[in-house]
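Colleague:
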Amino acid sequence: MSIFYKIAPHLESLGGELLTSLGQTFQMLLVSGIFAFFLGIFFGVLLIVTKRGGIMQNTLLYSLIDKAIDVIRSIPFIILMVLLIPVSRVLVGTGSGVKGAYVALIVGTVPFFARQIESVLADVDRGLIEASQAMGFSPVEIIFSVYLKESIPGITRVTMITFVSLVGITAMAGAIGAGGLGDFAIRYGYQMGYTDMSWVTVIIILIIISIIQFVGNAVIKKTTH
1055 MSIFYKIAPH LESLGGELLT SLGQTFQMLL VSGIFAFFLG IFFGVLLIVT
1105 KRGGIMQNTL LYSLIDKAID VIRSIPFIIL MVLLIPVSRV LVGTGSGVKG
1155 AYVALIVGTV PFFARQIESV LADVDRGLIE ASQAMGFSPV EIIFSVYLKE
1205 SIPGITRVTM ITFVSLVGIT AMAGAIGAGG LGDFAIRYGY QMGYTDMSWV
1255 TVIIILIIIS IIQFVGNAVI KKTTH
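Residues are numbered in the working numbering as their position in the sequence shown, beginning at 1, plus a constant of 1054.
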């Protein structure tokens, strides 16, 4: 370990706090990622099935979801997080810290992921959908047996992209007191001038992103026909 302490001299004294920050980042990624995944798929599916010509056409519902997604996506994440502090206090009991970041991370991620899911599902062969309708499949059966089943590689790809993006916004959340690696880098790398800690944080984030991409690519390779 001595070689690491020579390269990053502050690692020895701040190693415990770095591990705590890493744990907070994983906590934010896991909780917000799970919620964003299922909500994003839900709204992405709604967009594709309720649009004009969809299997459950409802142009009013489609328009409402479509506009809501566009509005939320247009708000910079830092501003969105500040706006959602009162909502976080109501839903999770606090507007700061790791728990306080959940609501903003989920709200900030779901619209992006839902739009990605819509794009993936739009590539499903229309002939398969029409054949399923001809065989008497219900809309729910078509969603699970055709749309989602045929789109597993694409869904995996956009999930990987979304999680990589989520790593970035968890770091941004640290700028306003959410904790995690972003907060650690700001406090020690920026405010206290410990450049070695900035580099250690960047390397850890790059490793996390590399793991996400490795797992995602492995799943894509496994599920591609």
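All C-beta atoms, glycine included, are put in the ideal place defined by N, C-alpha and C.
#1: Looking at the structure shown, is G1107 part of a helix, part of a strand, or coil, going by DSSP?
#2: Hey, V1254 and A1062 are a contact pair by Cβ (cut 8 Å); roughly how many whole angstroms apart?
#3: I'd like to check one pair, F1217 with I1353: are the Cβ atoms closer than 7 Å?
#4: By DSSP, does D1177 sit in helix, in strand, or in coil?
#5: Within the same chain, show all residues whose beta-carbon is closer than 8 Å to that of V1212, passing over the 5 residues directly before and after it, in chain order.
#6: In three-state terms, what does DSSP make of A1239?
#7: Report all residues from its chain with a CB closer than 7 Å to the CB of R1127; omit the five preceding and five following residues, and keep chain order.
#8: Are the C-beta of I1230 and some C-beta of chain D separated by less than 7 Å?
#9: How many angstroms separate the CA atom of G1069 from the CA atom of F1080?
#10: Output the boundary residues of the alpha helix (DSSP H) element that contains V1200.
Modeller: Working from what's here:
#1: coil
#2: 5 Å
#3: Nothing about residue 1353 can be reported from this structure: the residues present for the chain run from 1055 to 1279 only.
#4: coil
#5: F1167, Q1170, I1171, S1173, V1174
#6: helix
#7: P1165, F1166
#8: In summary, chain D is missing from the structure at hand, where a single protein chain is found.
#9: 17 Å
#10: Element bounds for V1200: n/a, residue is neither H nor E.
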